[in-house]
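Worksheet: one structure, shown below.
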Amino acid sequence: MRRLLLSGSIYVALTVLSFPAHSESGDIYMGTTPDGVLTFTDTPPSGDDSFSVYLRVLDGRPAEWAQVDPSLLKKNIDRWDDIIIRAARTYEVSPELVKAIVLVESGMNPKATSPAGAQGLMQLMPATARGLGVKQPYDPNENIFGGTRYIRKMLDRFSDRRLALAAYNAGPGNVRKYGGIPPFRETQFYVEKVLKYYALFLSQRPLSR
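If you use numbering that gives the first Met the number 0, the sequence shown corresponds to residues 0 to 208, in order.
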């Protein structure tokens, strides 16, 4: 097990897992051990109901956005906080929510590119980036300001935070089409994952100043 010191007494403990293109591993679980270590594992402790599904393996492999480089995460976990706080203030969004989105979307990697073409820290699709006035999507400042502006639009469009996150992930058209969170397993787990990190940041690593 690899343990990463993040800040103070807060840790992320990552079981060393490999994610090949067609992994045969089961679901990935997230929970907190009795000594306060936030842990990700494919084998939750027997009888410990504090562990819940963090990522359900879809079609034999985890979603692309779940593949996080632990060493990069350790290096960048707080690196973008100043930009996040400024963008959050500009668009009146909780900075903890923005940081949770960045973490889930890109694992804090400003060079992240999804197979579908989403780019940068907040994984903006090229057309979305252009519509938001983002000219350099791999630039952390532009990307975070653009992504924060976009989640603000989704929060204004949908009164429920869960629906806004679903719209960020799957598009507002799909949220309207299905009258709620779309029945896409990746989107459903995306929403839950962002909200878990949001709650963690609010309670243990607040950015609000």
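Note that CB positions come from ideal geometry on N, CA and C, so glycine has one too.
Bear in mind that the values here come from a model prediction, so they are computed numbers and not experimental data.
- Taking a contact to require three or more Cβ pairs closer than 8 Å, the stretch 132-149 and the stretch 82-94 qualify as touching.
- Of 188, 191, 33, 97, the smallest CA-CA separation from residue 149 is found for 97.
- Counting along the chain, the unbroken alpha helix (DSSP H) around residue 144 starts and ends at 139-156.
- Membership of residue 172 in the alpha helix (DSSP H) is indicated by the continuous run 171-177.
- Rounded to the nearest angstrom, the gap between the Cα atoms of residue 119 and residue 185 is 19 Å.
- Contact between residue 145 and residue 164 fails: their C-beta atoms lie close to 17 Å from each other, not under 8 Å.
- Between residue 103 and residue 193, the C-beta spacing is below 8 Å.
- Here DSSP, grouped into helix, strand and coil, assigns residue 123 to strand.
- Sequence-distant partners of residue 189 (beyond 5 residues in either direction) whose C-beta falls short of 6 Å from its own C-beta, in its chain, are 168.
- Annotation: the continuous alpha helix (DSSP H) that includes residue 80 extends over 80-90.
- Looking only at 109, 95, 160, 94, the smallest Cα-Cα distance to residue 75 is reached by 109.
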